[in-house]
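Each residue of the sequence shown is one higher than the one before, starting from 192 at the first, in my numbering.
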Amino acid sequence: MTEKCLLAGLPHGGGKAVVMDPGTLHDADVRHLVLEDLADVITGLGGTYITGPDIGSTPEDMDIIHQMTGGLSFCRPEASGGSGNSSDATAQGVIAALVAGAEHVFSTSSLAGLRAGIIGYGSVGSLIAESLASRGCVVTVAEANQQRRRDVEAAGVAWAQGDLLEEDLDILVPAAIGGLLSPESARACRARLIVGPANNQLTDEGVASILHDNGTTWVPDVVASAGGIIHAVCREEMGLDERETAGRIAAIGATTAEILAESRDLAITPQATARNIAARRQKEVA
192 MTEKCLLAGL PHGGGKAVVM DPGTLHDADV RHLVLEDLAD VITGLGGTYI
242 TGPDIGSTPE DMDIIHQMTG GLSFCRPEAS GGSGNSSDAT AQGVIAALVA
292 GAEHVFSTSS LAGLRAGIIG YGSVGSLIAE SLASRGCVVT VAEANQQRRR
342 DVEAAGVAWA QGDLLEEDLD ILVPAAIGGL LSPESARACR ARLIVGPANN
392 QLTDEGVASI LHDNGTTWVP DVVASAGGII HAVCREEMGL DERETAGRIA
442 AIGATTAEIL AESRDLAITP QATARNIAAR RQKEVA
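Structure representation (C-alpha cells):
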C-alpha cells in the first residue's frame, strides 16, 4: 500500500486491515460486532491509519466504522458524505493502465480485436468486462460463481470453457482474489499482457522474473489497482471535484507507460522498476 500511494502521488503511507471470516459475517449482528472490534483497533492507532473497502466489505460497513472511529474510513455512501463505492474508479484505473500497456506491447492504443480474458466477474471485473467489450475487445470471463453465468452472457461476453491462464490471449485481467500467478501458472500463461485490479497477484517475488523472461508484460497490481484509493483520497480528503479526480485516475496510464519504458530500457522487470520509482518518490517527499 505504501508503494501504491507513492506511485499514485497520494500523501499517505500504507497498511491493510484484515478480518478473518469464519463464515459468520453474513449474520448482521455478528458482522456489527466484528466491525466494532475493527473500529476499536483503528481508534487505538491514534489517527495514523484510515481504512477503506476491499473484498467482502461495503460502503455501509465503512459508514459504521466512520461513526465508531470519529471519521477514520473512506468510501462511505455518498448520502452519508463519503465518496461512495470505489469499484467504478478502480475499473477506470485498470483501463488506463491497460491502454498504456497495450501501447507498449502491441504498439496501439486501440483495443479493438484484442482477445481479453477476465478472471473474476465481481463489482470491478464486471465493469472492466463491459468497458473492454465496448472498445471492441473479444472478452471471455472465468468466474467461480456459476450463478453469474447468466449475467456474463447477458452482457454479451463469453463464458470461459477452460483455464484462461493457458488460453491464447492477448490480455489477461486478474480481477478476483490474489495469488493467481504462481511459478507454475506464470510458465503456463500465454497472454502477452497482464493488467488487473486484484491485489497481491504474485505468490512470490520470483514470479515477476518468470513472466518477464517468458515475454509477458505484467503491470504491477500496485499501479493498476490504485483508482479506488485515488478517488477516495482526492474526493474526501483533498477536496478535489470529480473532473480533477478523474484526471488523477487517468494519470495511472502515464505512470504505467513510465514504468514499462524504464523496464524496457534497463532490461529489468516492471515490478523492480515500479519499486525503483516509488523509492525515488519517497526520497523526494522525505
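By construction, the Cβ of each residue, glycine as well, lies at the ideal position given by its N, Cα and C atoms.
Who are the Cβ neighbours of residue i in its own chain at under 7 angstroms, not counting the five residues just before and after it?
i    : result
V398 : L372, S373, P374, A377
A423 : G243, F265, C266, S274, S277
T480 : What is shown of the chain runs 192 to 477, which leaves residue 480 out entirely.
G132 : Nothing in the structure corresponds to residue 132, since the chain is present only between 192 and 477.
From the DSSP output, which residues share a beta bridge with residue i?
i    : result
P365 : I310
A379 : For A379, which the question treats as bridged, DSSP gives no partner whatsoever.
V332 : I309, W350
L372 : L393
T242 : S264
I385 : L363, W409
Can you find the residues in the same chain that come closer than 8 angstroms, C-beta to C-beta, to residue i, ignoring five residues on each side of it along the sequence?
i    : result
T299 : A293
G304 : G327, C328, V329
N391 : G369, G370, D412
L216 : V210, R222, V225, G247
A154 : Residue 154 cannot be examined here, being either before or after the span of the chain that is shown, 192 to 477.
In the DSSP assignment, find the beta strand (DSSP E) that holds residue i and state where it starts and stops.
i    : result
V398 : No beta strand (DSSP E) holds V398; the alpha helix (DSSP H) holding it covers 397-404.
A270 : A270 -> no beta strand (DSSP E), and no H or E assigned at all.
Would you call residue i buried or exposed, if buried means 16 or more other Cβ atoms sit within 10 Å of its Cβ?
i    : result
L356 : buried
R383 : buried
L149 : Nothing can be reported for residue 149: it is not among the residues displayed for the chain, which extend from 192 to 477.
V414 : buried
Since I believe residue j is in contact with residue i (beta carbons under 8 angstroms), could you give me their beta-carbon distance rounded to a whole number of angstroms?
i    : j    : result
G308 : A351 : 7 angstroms
May I ask which residues mark the beginning and end of the alpha helix (DSSP H) holding residue i?
i    : result
N473 : The question names Asn, yet the displayed sequence has Gln at residue 473. 461-476 is the span of the alpha helix (DSSP H), which, as asked, contains Q473.
V221 : 219-235
C196 : 193-199
G438 : 433-441
D212 : Taken as a continuous stretch (DSSP letters only), D212 belongs to no alpha helix (DSSP H), as it is neither H nor E.
Which same chain residues, not among the five before or five after residue i, have their C-beta less than 6 angstroms away from its C-beta?
i    : result
I421 : A199, R439, I440
P365 : I310, L371, G387, A389, Q392
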